[in-house]
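The structure under discussion appears below in the form of structure tokens.
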Amino acid sequence: MLDTNVLATFGAGSLLIYLYLRRQRQSPYSSLPLPPGPKPLPVIGNLLQMPSRHEPQVYEQWGRDYNSDIIYLNLAGSSVVIVNSAAAANELLERRSSTYSGRPASQMCNLMGFGNLVSLVPYGDKWRAMRRLLHREFHPQAILRYIPNEIEAAHDFLRRLLDSPDDFSESITHLFGRIIMDLTYGIKVEPQGDPRIRTAKLAAEALAEAASPGAFYVEPLPFLRHVPEWMPGASFKTKAREWHLLADAMYNIPFNTTKETLANGTQAASFVAKCLEDIPRSTSQSDKDQQEDLIKETAGTMYAAGTDTTASSVKTFILSMLLNPEIQAKAQKELDEVVGHGNLPDFSHQDSLPYVNAIVKETLRWGPVTPQGIPHVVAAEDAFEGYRIPAGTIVIGNAWAMLHDETVYPNPSKFSPERFLDSEGRIDPTVKDPAHAAFGFGRRICPGRYLAMSSLYIAVASVLATLNIEKAVDADGLPITPSGDYTPNGLIVSPLDFKVSIRPRSEAAKAAILSTST
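Per the numbering used here: the sequence shown = residues 17 to 534.
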């Protein structure tokens, strides 16, 4: 029999070795507290406290309540961190982008066939390959070749507003649908009711709903994806099945059209055509199929995201001009002085139109299209300001809160282009550019942002130069003031439908619009 003292010594030594090894395996951040946030319930955490409307505003208020730039939520065991300040976003999503560039697996997006969009695909080799394709075609110098397409589309937009001002929302969708279809696939859309534009709009709306944080319980409870569609509570599977048809149409129909016209020699220049032509002839069939899938999925991202997002910004611009006629008049005065009344602006005038450019900036700030951004995911455990951020945490950059931070943008609820100008009326470089938060963060920033900004500029400048945006009147002749509210939830938001009166500024302006008809 061993002496009890020997056994005790051996046991104590073993315990010390175990505790030492365990501590060595532990993260250096394991002793830190989680960020502050609402108190969770057992098992389900904060699921029942998630807002069903106006999420960014609720998240911002939580940040104020807990006096923290970041807040923590537990969604049935899944960790979520909301980033409410630009400083925190810059540190985490920019400077530490190698750790924060992942994307959480979206159960709904995968079920509906959207998991391979560039904006949703996991951080890795496939994402890098897709990103390279986009960067090659849409960096600041590359987009200069698209200027004629953008101007032609903007002129078509003006004619539509002149002919059917009440259908301004549909005309906006057509404007950006036309640009995207032309640049991405080399396809000229139908003048009215083009089915491909409708598919893009419906797909973007479905994607925005599917990717909205907290919209479907299958996200925090992924086992639900295995339940049959007929079971109570499984209506999300019906939606996913219907949306999958949209995804198939969005990916395949325009891509196959471009591929066919390229084969018979009738294809116009486009992103897809250029990428397909760049595949070496010596490529094996299996590798060729793989590269074509990559091109198709990358183009599908442009198709789905490029139409609805910029269209929402133009709706915000029209709403803001309707509510702020003095701003519209000031911009028109600048255009008349620089371009000349009765003339149409182009990109050669852009640097001489600081007030118009300030309106574009304020449009992005005042009504951000993706107020919550697209969620990131943390690759490894990290710490920030004394708080632990577990590996696998979903991180949401609250762009709305950053763009309505009163310490950066005083009186943030007011639409005020002047905030971006210095005392001499020039763009003030010391004021934070809202395009950064508006287009995402770090390595996941929107690759199409330069094209989106140029398309937004020419649309805004063209409308201001030629048209007056005013309040519509009711049956009694009284002006109708829109609420100014936005769609209450979703990844992409837009102003709620509103009435507006759009008329040419003068006969000279009307003649300028009509002169663009071919």
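Glycine included, every Cβ here is placed at the ideal spot set by N, Cα and C.
>> Quick check on P536: does DSSP put it in helix, strand or coil?
In response: This structure gives no information on residue 536, because the portion of the chain shown stretches from 17 to 534.
>> Using the three-state DSSP reduction, which class does I529 fall into: helix, strand or coil?
In response: One-based indexing of the sequence shown puts residue 529 at position 513. Here I529 sits in helix by DSSP.
> Quick one: what's got a C-beta closer than 8 Å to A454's C-beta in the same chain, skipping five residues either side?
Replying inline: For the purposes of this step, residue 454 is taken as the residue at position 438 of the sequence shown. Around A454: L380, R381, P384, V385, T386, A415, L419.
> Alpha carbon to alpha carbon, what distance is there between F287 and I461?
Replying inline: Here residue 461 refers to the residue found at position 445 of the sequence shown. Here residue 287 refers to the residue found at position 271 of the sequence shown. Roughly 20 Å separates the two Cα atoms.
>> Suppose the cutoff is 7 Å on Cβ atoms and the five residues either side in sequence are ignored; what does the same chain contact list for A528 look like?
In response: Numbered from its first residue, the sequence shown carries residue 528 at position 512. Excluding the 5 residues flanking it on each side, A528 has same chain C-beta neighbours closer than 7 Å at G358, N359, L360, T482, in chain order.
> Can you find a heavy atom of the ligand ATP that lies under 8 Å from the Cβ of G118?
Replying inline: The ligand ATP is not among the ligands present in this structure, which contains no ligands whatsoever.
> Residues bridged to D398 by DSSP?
Replying inline: Working through the sequence shown from its first residue, we reach residue 398 at position 382. Bridge partners of D398 according to DSSP: I405.
>> Bridge partners for N83 per DSSP, in chain order?
In response: Counting from one through the sequence shown, the residue named residue 83 turns up at place 67. In DSSP, N83 forms no bridge with anything.
> Beta-carbon separation of E71 and N505 under 9 Å?
Replying inline: On the sequence shown, residue 71 is found 55 positions in, with the first residue counted as 1. On the sequence shown, residue 505 is found 489 positions in, with the first residue counted as 1. Against a cut-off of 9 Å, the Cβ pair of N505 and E71 comes out as a contact.
> Of all the options P244, D81, A231, A104, which has the alpha carbon lying nearest to the alpha carbon of G402?
Replying inline: Translated into the one-based positions of the sequence shown, residue 402 becomes position 386. In this structure, A104 is the residue among P244, D81, A231, A104 with its C-alpha nearest to the C-alpha of G402.
>> Between which residues of its own chain and A451 is the CB-CB distance below 8 Å, once the five residues before and five after are set aside?
In response: In the sequence shown, counting from the first residue as 1, residue 451 sits at position 435. Same-chain partners within the cutoff: K377, L380, R465, M469.
> Taking the alpha-carbon positions, what's the G193 to D305 distance?
Replying inline: On the sequence shown, residue 193 is found 177 positions in, with the first residue counted as 1. On the sequence shown, residue 305 is found 289 positions in, with the first residue counted as 1. Going by the C-alpha atoms only, they are around 27 Å apart.
> What is the rounded straight-line gap between the Cα of V243 and the Cα of V393?
Replying inline: The residue labelled residue 243 in the question sits at position 227 within the sequence shown. The residue labelled residue 393 in the question sits at position 377 within the sequence shown. Cα to Cα, V243 sits roughly 26 Å from V393.
>> Less than 9 Å between the C-beta atoms of L109 and F457, yes or no?
In response: As a working note, residue 109 is residue 93 in the sequence shown. As a working note, residue 457 is residue 441 in the sequence shown. Taking the C-beta atoms as reference points, F457 is found nearer than 9 Å to L109.
>> Between which residues of its own chain and P120 is the CB-CB distance below 6 Å, once the five residues before and five after are set aside?
In response: Within the sequence shown, the letter at position 104 stands for residue 120. So the list reads P391, V393, I410, once near-sequence residues are dropped.
> Under a three-way DSSP split, which group does P54 fall into?
Replying inline: Position 38 of the sequence shown, counted from the start, is the residue given in the question as residue 54. Here P54 sits in coil by DSSP.
> Does the beta-carbon of H155 have 16 or more other beta-carbons within 10 angstroms, so that it is buried, or is it exposed?
Replying inline: On the sequence shown, residue 155 is found 139 positions in, with the first residue counted as 1. Exposed, since its Cβ has fewer than 16 Cβ neighbours within 10 Å.
> Are L530 and R175 closer than 9 Å when you measure CB to CB?
Replying inline: On the sequence shown, residue 530 is found 514 positions in, with the first residue counted as 1. On the sequence shown, residue 175 is found 159 positions in, with the first residue counted as 1. Cβ atoms of L530 and R175: closer than 9 Å.
> Is there contact between the segment 325 to 333 and the segment 493 to 513, where contact requires at least three CB pairs shorter than 8 Å?
Replying inline: The segment 325 to 333 vs the segment 493 to 513: in contact.
>> Let's see if you can read the secondary structure: which residues bound the beta strand (DSSP E) around E486?
In response: Working through the sequence shown from its first residue, we reach residue 486 at position 470. Residues 483 to 486.
> Is it buried or exposed for L37, if we count other Cβ within 10 angstroms and need 16 for buried?
Replying inline: As a first step, residue 37 is located in the sequence shown; it is residue number 21 there, counting from the start. Reliability fails at L37, whose pLDDT of 49 lies under 50, so the model's placement of it is uncertain and the value that follows must be treated cautiously. Counting other Cβ atoms within 10 Å of its Cβ, L37 stays below 16 and is therefore classed as exposed.
> Any idea if P495 is buried or exposed, counting beta-carbon neighbours within 10 angstroms, 16 or more meaning buried?
Replying inline: Start at 1 with the first residue of the sequence shown, and residue 495 comes out as number 479. Under this definition P495 is an exposed residue.
> With 16 as the cutoff for other CB atoms within 10 Å, does I499 come out buried or exposed?
Replying inline: Here residue 499 corresponds to residue number 483 of the sequence shown, with the count starting at 1. The question names Ile, yet the displayed sequence has Ser at residue 499. With fewer than 16 other Cβ atoms within 10 Å, it is exposed.
> Does the segment 431 to 445 come close enough to the segment 132 to 142 that 3 or more CB-CB pairs lie under 8 Å?
Replying inline: Counting Cβ pairs under 8 Å, fewer than three are found: no touch.
>> Below 8 Å, how does it come out for the segment 288 to 298 and the segment 260 to 279: are there three or more Cβ pairs, yes or no?
In response: With contact defined as three or more Cβ pairs closer than 8 Å, the segment 288 to 298 and the segment 260 to 279 are in contact.
> Among R112, P51, T532, I375, which has the Cα closest to the Cα of N340?
Replying inline: Indexing the sequence shown from 1 puts residue 340 at position 324. Per the Cα distances, I375.
>> If I measure Cβ to Cβ from S117 and keep anything under 7 Å in the same chain, skipping five residues before and after, which residues do I get?
In response: The residue labelled residue 117 in the question sits at position 101 within the sequence shown. Taking S117 as the centre and dropping the five residues before and after it, the same chain places the C-beta of Y139, H392, G458, R459, R460 closer than 7 Å to its C-beta, in chain order.
>> Can you confirm whether the segment 79 to 87 touches the segment 196 to 211 when touching is taken to mean that 3 or more C-beta pairs between the two stretches lie within less than 8 Å?
In response: Of all C-beta pairs linking the segment 196 to 211 to the segment 79 to 87, fewer than three are shorter than 8 Å, placing the two stretches out of contact.
> Is D303 buried or exposed, if buried means 16 or more other CB atoms sit within 10 Å of its CB?
Replying inline: The residue you call residue 303 lines up with position 287 of the sequence shown. D303 comes out exposed.
>> According to DSSP, is M17 part of a helix, a strand, or is it coil?
In response: Numbered from 1 along the sequence shown, position 1 holds the residue referred to as residue 17. Confidence at M17 is low in this model, with a pLDDT of 45, below 50, so its placement is unreliable and the value that follows should be read with caution. In the three-state reduction of the DSSP assignment, M17 falls in the coil class.
>> Looking at the secondary structure, which residues open and close the beta strand (DSSP E) in which R519 lies?
In response: Numbered from its first residue, the sequence shown carries residue 519 at position 503. Boundaries of the beta strand (DSSP E) harbouring R519: 517 to 520, taken from the DSSP string.
> L48 by DSSP, collapsed to three states: which one?
Replying inline: Here residue 48 is taken as the residue at index 32 of the sequence shown, counted from 1. Looking at L48 - three-state DSSP - the assignment turns out to be coil, as it is neither helix nor strand.
> So, are the CB atoms of V74 and I412 less than 9 Å apart?
Replying inline: Translated into positions along the sequence shown, residue 74 becomes position 58. Translated into positions along the sequence shown, residue 412 becomes position 396. Going by C-beta atoms, V74 is not nearer than 9 Å to I412.
> DSSP on L360, reduced to helix/strand/coil?
Replying inline: Position 344 of the sequence shown holds residue 360. If DSSP states are grouped into helix, strand and coil, L360 belongs with coil.
> M146: which of L467, I343, A315, L480 sits nearest, CA to CA?
Replying inline: Counting from one through the sequence shown, the residue named residue 146 turns up at place 130. That would be A315, whose Cα lies nearest to the Cα of M146.
> Where are the alpha helix (DSSP H) runs, 4 residues long or more, that stay fully inside the segment 133 to 175, in chain order?
Replying inline: Within the segment 133 to 175, the complete alpha helix (DSSP H) runs of at least 4 residues are 141 to 154.
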